[in-house]
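**Q** Dropping a structure here in structure tokens format, bear with me for questions.
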Amino acid sequence: MLGKSSWVSVQKVRYLQHYEVFTDFSVQPTNDKCIDNGCSLEVTQLLIQNELWWSLALEANGEDDRLMANLQATARTVFNTYQEVKLLATDSYAYPHWLGLCIAN
Numbered sequence: 073m074l075g076k077s078s079w080v081s082v083q084k085v086r087y088l089q090h091y092e093v094f095t096d097f098s099v100q101p102t103n104d105k106c107i108d109n110g111c112s113l114e115v116t117q118l119l120i121q122n123e124l125w126w127s128l129a130l131e132a133n134g135e136d137d138r139l140m141a142n143l144q145a146t147a148r149t150v151f152n153t154y155q156e157v158k159l160l161a162t163d164s165y166a167y168p169h170w171l172g173l174c175i176a177n
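At position 80 of the sequence shown (counting the first as 1) the number is 152 in my numbering, and the numbers step up by one without a gap.
Right, here's the structure in full:
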């Protein structure tokens, strides 16, 4: 936690992709935001103090008993086709913790 209050400029560019999750848990990208069961993937580019960072978020929607399955099916699809930088849990931070790291540098 910061000892004193201060303003920090964070520039963001968001990329959003919706996915529909079918009854067999196959996943298809879609532009339709009004689907019964699905998941949204948000990738955000963040610029803070001349350092470039990225964030990744998945948010499931649909029937209560399918939310976790919708999330897992979409995550499997996305991460099985992603072939860039390896994502590690040690590089994953909650937003307040990440912001504190950036300000401390």
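Glycine included, each C-beta is placed from N, C-alpha and C at the ideal position.
Taking Arg86 and Glu114 to be in contact with their CB atoms under 8 Å, please state how far apart those CB atoms are, rounded to whole angstroms.
**A** Right, the Cβ-Cβ distance comes to about 6 Å (below 8 Å), so this counts as a contact.
**Q** Once DSSP output is grouped into helix, strand and coil, what is the label at Thr116?
**A** If DSSP states are grouped into helix, strand and coil, Thr116 belongs with the strands.
**Q** Which residue wins for smallest C-alpha separation from Gln121, given the options Trp79, Val150 and Phe97?
**A** The residue with the shortest Cα to Cα distance from Gln121 is Trp79.
**Q** Compute the Euclidean distance between the alpha carbons of Ser127 and Thr146, then round it to the nearest angstrom.
**A** Ser127 and Thr146: Cα-Cα distance of roughly 17 Å.
**Q** How would you call Tyr154, buried or exposed, if buried means at least 16 neighbouring beta carbons within 10 angstroms?
**A** So Tyr154 counts as exposed.
**Q** Whose C-beta lies closer than 6 Å to the C-beta of Lys84 among residues of the same chain, with five residues either side of it excluded?
**A** Result list for Lys84: Thr116 and Leu118, in chain order.
**Q** Distance, Cα to Cα, His169 vs Leu160?
**A** Taking the straight line from one Cα to the other gives about 16 Å.
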